[in-house]
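Working notes for the structure below.
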Amino acid sequence: MIQLFHNFDHQPNTTARRLSNPIQYSESALLSRIAEGDERAFATFYHHYYQLIFPFILKHLPTREDAEEVVQQTFLRAWLHRDKLADMAFVKAWLFKVATREYMNHVRNRLSGKLALVQLEERGEPADNNTVLDIKEINHLISRAMDTLSPQRRQVFYLSRREHLSIDEIAARMGISPKTVKNTLTAALVQVREYLAAAGYAISILLLLRF
Numbered sequence: 001m002i003q004l005f006h007n008f009d010h011q012p013n014t015t016a017r018r019l020s021n022p023i024q025y026s027e028s029a030l031l032s033r034i035a036e037g038d039e040r041a042f043a044t045f046y047h048h049y050y051q052l053i054f055p056f057i058l059k060h061l062p063t064r065e066d067a068e069e070v071v072q073q074t075f076l077r078a079w080l081h082r083d084k085l086a087d088m089a090f091v092k093a094w095l096f097k098v099a100t101r102e103y104m105n106h107v108r109n110r111l112s113g114k115l116a117l118v119q120l121e122e123r124g125e126p127a128d129n130n131t132v133l134d135i136k137e138i139n140h141l142i143s144r145a146m147d148t149l150s151p152q153r154r155q156v157f158y159l160s161r162r163e164h165l166s167i168d169e170i171a172a173r174m175g176i177s178p179k180t181v182k183n184t185l186t187a188a189l190v191q192v193r194e195y196l197a198a199a200g201y202a203i204s205i206l207l208l209l210r211f
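Going by full-length UniProt numbering, the residue at position 173 of the sequence shown is 173; the numbering climbs one at a time, nothing skipped.
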């Protein structure tokens, strides 16, 4: 795998640690320097957020190589949008959203096309290697499950899973509290899983069912 940021060692040496010292820059000053194309400032940004983003992504992918690919793509997007970082109110939240989207793109790319397959477990039994669904079938199955949800659960599920909005963004759009969104989303996820289980499938795809 090609390292997009091959100069940003994940185990920084003395110089890199000094660069990533949070006392050296305030976040606003750091982001301003990044916006100007300062690669040393971006290295500081990279080292700080890498240790947060990588474990988060690794939990949802089978290998470190897959997680590394997603993280590299995330920071590439951050660099390409560096001129906008200084104007963002919540850079960390934005970066996690980008990482989530890159994760979903990564999984979709693995699943797309006629040869893109997802192993299933049938009623808790190990799946036969020949038992597969492609991404269109998965989306159809999830859509059928969504039809069983109440209007509020369906809307929350849709905004979270399909539009990839955060809890706070969903709350603002629907005019309800973040706590209500969390509770509603949890209930929706449980109901969707139960629907799939009743249909004979236990689909372990975080892309579609977890948050």
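Every residue, glycine too, gets a C-beta built ideally from N, C-alpha and C.
Note that the coordinates shown come from a computational prediction; the quantities given were computed from them, not determined experimentally.
* **Reduced DSSP secondary structure (H/G/I, E/B, other) of leucine 149** => coil
* Run the CB neighbour count on arginine 108, radius 10 Å, all protein chains shown included, and call it buried at 16 or more, exposed below. => By the 10 Å Cβ count, arginine 108 comes out exposed.
* **Nonlocal neighbours in the same chain, by C-beta distance under 7 Å from leucine 19, ignoring five residues either side** => Unreliable placement is indicated for leucine 19, whose pLDDT of 38 sits below 50; no coordinate value is reported for it.
* Which residues in the same chain as leucine 159 place their Cβ atom closer than 6 Å to its Cβ, once the five residues preceding and following it in sequence are excluded? -> Hits under 6 Å: Leu165, Ile170.
* **DSSP-derived helix/strand/coil call for methionine 88** => coil
* **Extent of the continuous alpha helix (DSSP H) to which aspartate 66 belongs** => DSSP places aspartate 66 in the uninterrupted alpha helix (DSSP H) bounded by 64–80.
* To do: Could you check if glutamine 11 is buried or exposed, using at least 16 other CB atoms within 10 Å of its CB as the buried criterion?
  => Since pLDDT at glutamine 11 reaches only 44, below the 50 mark, its modelled position is unreliable, and the value read off the structure follows with that caveat. With fewer than 16 other Cβ atoms within 10 Å, it is exposed.
* To do: Rounded to whole angstroms, what's the CA-CA distance from glutamate 194 to tyrosine 49? Just pull it up for me.
  => 36 Å
* To do: Evaluate contact between the stretch 70–78 and the stretch 87–100, counting only Cβ atoms and requiring at least three cross-stretch pairs below 8 Å.
  => yes
* Helix, strand or coil: how does DSSP classify glutamate 39 here? -> helix
* Where arginine 101 sits in the DSSP three-state scheme -> helix
* Roughly how many whole angstroms lie between the Cα atoms of threonine 148 and aspartate 168? -> 25 Å
* Integer-rounded CB distance, given that leucine 85 should sit under 8 Å from leucine 31 -> 5 Å
* Sorted by chain position, which residues of the same chain lie with C-beta nearer than 6 Å to proline 178's C-beta, five sequence neighbours on each side aside? -> Ile167, Asp168, Ala171
* **CB contact flag (alanine 145, valine 190, <7 Å)** => With contacts defined by Cβ atoms closer than 7 Å, alanine 145 and valine 190 do not form a contacting pair.
* Asked: Run through DSSP, which three-state label would histidine 140 get?
  -> In the structure shown, the three-state DSSP call for histidine 140 is helix.
* Burial state of glutamate 36 (16 or more Cβ within 10 Å) -> exposed
* What is the rounded straight-line gap between the Cα of isoleucine 34 and the Cα of arginine 82? -> 6 Å
* Give the straight-line distance between the Cα atoms of phenylalanine 56 and alanine 89, rounded to the nearest whole angstrom. => In a straight line, the C-alpha of phenylalanine 56 is about 22 Å away from that of alanine 89.
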